[in-house]
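A quick write-up on the structure given underneath.
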Amino acid sequence: MTTSLTITKPDDWHLHLRDGAMLEGIIASSSRHFHRAIIMPNLVPPVVTTAEAVSYRERILAAKPRADFFNPLMTLYLTENTDPADVAAGFADGLVTAVKLYPAGATTNSASGVKDITKVYPVLEKMAEIGMPLCVHGEVTDPSVDIFDREAVFIDMVLDPLRKRISGLKVVMEHVTTRQGVDYVLSQEAGLGATITTHHLIINRNAILAGGIRPHYYCLPVAKREEHRLALRSAATSGDRRFFLGTDSAPHSDPNKETACGCAGIFTAPNTLSCLAHVFEEEGALDRLEAFTSLNGPAFYGLQPNEEKITLVKRAEPVACPSKVHTGDGDVTVFDPMFPLYWDVQ
Ligand code: NCD
Ligand code: ZN
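Structure (structure tokens):
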């Protein structure tokens with residue numbers, strides 16, 4: 387039985403760090419285990435320009451524990467007014483790594499997102515030209531489309547036509563949650579990758595709805611049926627270079643989750659690596675954990691893997707993980723995988 391595993395230090399290719407007191411309260415949960423992270427720009431107001439991304443990055447670095455090395459890779463929130471020249475200059479100067487497309491209204495703080503995709507063609511064409519990745523929240527917002535179908539419909543109606551129209555654009559399908567999403571990525575030779583979250587490998591929609599409504603398992607895209615979770619597990623543990631970890635760790639204070647209309651988002655940063663080691667061990671794929679957490683992401687983004695290593699150790703007794711992280715913005719509940727965790731980061 388494997389009881390210790392040393393891998394290249396992981397990166398998180400989709401992370402929400404928020405700002406202010408929340409940022410200060412939760413940053414250590416990521417900087418402790420991750421070397422780099424793609425930082426989501428959906429603050430209020432959103433991070434739209436390179437100058438805003440630079441100042442947000444400074445706030446992140448000021449908030450992180452001094453002893454931790456952590457390199458936030460910044461993204462810009464795509465709006466219909468985004469200036470292609472600002473995006474290109476930010477990318478050329480190494481100040482921003484990617485642009486994030488939120489269809490307007492698709493998720494938390496996405497009101498300033500894109501309503502008419504044709505309006506952002508000039509930005510996307512520029513990005514294709516300079517090799518800058520587009521991170522996509524892949525759900526349609528049409529209220530007539532069932533929430534469990536919104537990812538699959540997005541692929542057919544928006545993503546595939548967009549990729550055909552802007553050829554050469556590098557796209558990351560963020561937090562893919564369906565068999566259709568996995569199959570679409572597998573059907574494409576190049577230029578398309580996908581992040582998979584920790585929680586979508588562990589829960590299906592029953593976690594949210596069966597036996598009572600459980601707001602701490604509610605996120606967007608919402609967890610789907612079991613067949614989809616199984617497709618995600620097989621993609622993540624396959625070693626296929628097109629799939630990599632993006633936790634989508636998305637903290638909200640408990641009062642904002644436990645209410646009549648609760649926020650979407652699951653906070654997985656503190657125990658993500660313990661959960662992933664558990665999942666990969668269950669799938670007999672511990673030897674492919676490193677590809678998912680530490681190698682495939684940098685390869686897609688055209689970056690070197692980290693030189694640092696981390697060691698995961700399997701304990702004889704379950705590892706104690708605090709159920710909440712206390713922040714100046716209130717307590718945040720940590721994702722409960724509903725099974726004991728034995729793997730720990732040394
Ligand atoms: C994210 C958030 O809270 O910012 N929520 C979520 O459920 N994943 C937004 C997002 O990534 O969709
Ligand atoms: Zn997210």
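Heads up: the sequence shown begins at 387 in this note's numbering, then just goes up one per residue. Glycine included, each C-beta is placed from N, C-alpha and C at the ideal position. Given the structure is predicted, the values throughout are model-derived calculations rather than measurements.
Please list, in chain order, all residues of the same chain as residue i whose beta carbon is under 7 Å from its beta carbon, the five residues on each side excluded.
i: Ile-533; result: Val-608
i: Ser-415; result: Ala-655, Pro-656, Val-711
i: Arg-701; result: Tyr-728, Asp-730
i: Glu-676; result: Ile-393, Thr-394
i: Ala-622; result: Ile-582, Leu-587, Phe-629, Phe-678
i: Thr-633; result: Asp-398, His-400, Leu-401, Thr-583, Thr-584, Thr-654, Ala-655, Thr-658
i: Thr-493; result: His-523, Leu-606, Ala-650
Is residue i near ligand 4, going by C-beta to nearest heavy atom under 8 Å?
i: Ala-580; result: Here the bound small molecules are ligand 1 and ligand 2; ligand 4 is not part of this structure.
Comparing C-alpha positions only, which one of the options sits nearest to residue i?
i: Leu-606; options: Ile-599, Glu-560, Ala-622; result: Glu-560
i: Ala-646; options: Arg-611, Pro-601, Asp-626, Leu-616; result: Pro-601
i: Ser-498; options: Asp-626, Ala-475, Pro-726, Val-430; result: Val-430
i: Trp-729; options: Val-705, His-712, Val-720; result: Val-705
i: Val-568; options: Met-460, Asp-469, Arg-615; result: Arg-615
i: His-586; options: Glu-644, Met-387, Gly-651; result: Gly-651
i: Arg-418; options: Arg-549, Pro-641, Asn-457, Leu-545; result: Asn-457
i: Tyr-687; options: Ser-390, Trp-399, Gly-597; result: Trp-399
i: Arg-674; options: Asp-626, Leu-689, Asn-692, Pro-691; result: Asp-626
i: Ala-449; options: Ile-413, Pro-432, Ala-484; result: Ile-413
i: Asp-454; options: Arg-422, Cys-521, Val-558, Pro-641; result: Arg-422
i: Met-724; options: Cys-661, Glu-703, Thr-563; result: Cys-661
i: Lys-610; options: Glu-669, Cys-521, Ala-593, Ser-624; result: Ala-593
i: Met-460; options: Asn-467, Arg-445, Asp-405, Ala-484; result: Ala-484
i: Val-500; options: Val-440, Val-434, Tyr-570, Ser-620; result: Val-434
i: Leu-391; options: Val-699, Glu-703, Val-544, Pro-726; result: Val-699
i: Met-543; options: Gly-554, Asp-502, Pro-508, Val-665; result: Asp-502
i: Glu-693; options: Leu-403, Thr-389, Ile-552, Phe-420; result: Phe-420
i: Leu-520; options: Asp-528, Ser-530, Val-506; result: Val-506
i: Arg-445; options: Glu-410, Cys-707, Leu-464, Glu-466; result: Glu-410
i: Thr-388; options: Val-571, His-664, Ile-424; result: His-664
Along the alpha helix (DSSP H) that carries residue i, what are the first and last residues, could you check?
i: Leu-618; result: 612-622
i: Lys-512; result: 507-516
i: Asn-642; result: 640-643
i: Ile-594; result: 592-595
What is the residue span of the beta strand (DSSP E) that residue i lies within?
i: Ile-413; result: Run containing Ile-413: none in the beta strand (DSSP E); it sits in the alpha helix (DSSP H), 406-417.
i: Ile-446; result: Run containing Ile-446: none in the beta strand (DSSP E); it sits in the alpha helix (DSSP H), 436-449.
i: Asn-457; result: 457-463
i: Ser-390; result: 390-394
i: Val-526; result: Here Val-526 belongs to no beta strand (DSSP E), and DSSP marks it neither H nor E.
i: His-585; result: Note, His-585: premise wrong, no beta strand (DSSP E); not H, not E.
i: Arg-422; result: 422-425
i: Cys-521; result: 520-522
i: Phe-630; result: 629-631
i: Leu-401; result: 398-401
i: Val-430; result: That residue, Val-430, is in no beta strand (DSSP E); it is neither H nor E in DSSP.
i: Asp-730; result: 729-731
Counting only the same chain and skipping the five closest in sequence on each side, list residues whose C-beta sits under 8 Å from that of residue i.
i: Asp-722; result: His-602, Ser-709
i: Thr-436; result: Leu-462, Asp-472, Val-473, Ala-475, Gly-476, Asp-479, Leu-481, Val-482
i: Ser-639; result: Met-408, Thr-713, Asp-715, Gly-716, Asp-717, Val-718
So, at 6 Å on beta carbons, what are the nonlocal neighbours of residue i in its own chain, with the 5 sequence-adjacent residues on each side left out?
i: Phe-540; result: Gly-524, Glu-525, Val-526
Please report whether the beta-carbon of residue i lies at a distance below 9 Å from any beta-carbon of chain D.
i: Pro-432; result: Reference to chain D is not applicable here, since this structure consists of a single protein chain.
### Query
Curious, which full-length beta strand (DSSP E) runs of at least 3 residues does the stretch 531-572 contain?
557-559
### Query
Quick one: complete beta strand (DSSP E) runs, 3+ long, within the stretch 666-717?
For the stretch 666-717, whole beta strand (DSSP E) runs of length 3 or above, ordered along the chain, are 695-700, 710-713.
### Sequence ranges, beta strand (DSSP E) only - wholly within the stretch 475-506, length at least 3
484-487
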